[in-house]
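Residue numbers for the sequence shown follow our numbering, so the first one is 543 and each next one is one higher.
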Amino acid sequence: MTNPTPQSPVSDTTISNNKHNPFNLTTDIRDSLSEVFCAAIHSHKSDYLTRKHWLAEHVAKEDHDEKHTETLISLCDFSERLLKSEAQTYEAIMGSDFWIEEVTKIIQKAETA
């Protein structure tokens, strides 16, 4: 339905197919997906920052185990790739680079901390 009537549910309202809505999703679906992505990225951001903190603490020890260092680096890399992947998926589905910019800020902040 392209012209919703006052009796139409909100989910019938779509944003026209363009670069900001490449899959022609309804407003309700876009809102729900935004919430899902926001929750996922915030959760993975927390994991990423925690792992970066663990790595920094571990490396600061004088007698740190190199195998453990490699494992922590691998976990940090995994978390970073996951954040970037989620942001890219959000952009592909929603047509917005908002999370790409935010994830870049998160990573830059973690690198300088």
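Backbone N, C-alpha and C fix where the C-beta goes; we use that ideal spot for every residue, glycine too.
Touching or not, the segment 619 to 636 and the segment 588 to 602, by the rule of three or more beta carbon pairs under 8 Å? Yes: at least three Cβ pairs fall under 8 Å.
Rounded to the nearest angstrom, what separates serine 574 and tyrosine 632 at their Cα positions? Whole-angstrom Cα-Cα distance: 12 Å.
Does the Cβ of histidine 586 have 16 or more other Cβ atoms within 10 Å, making it buried, or fewer, making it exposed? With 16 or more other Cβ atoms from the protein chains shown falling within 10 Å of its own Cβ, histidine 586 counts as buried.
The alpha helix (DSSP H) enclosing lysine 609, as first and last residue numbers: 608 to 636 is the extent of the alpha helix (DSSP H) around lysine 609.
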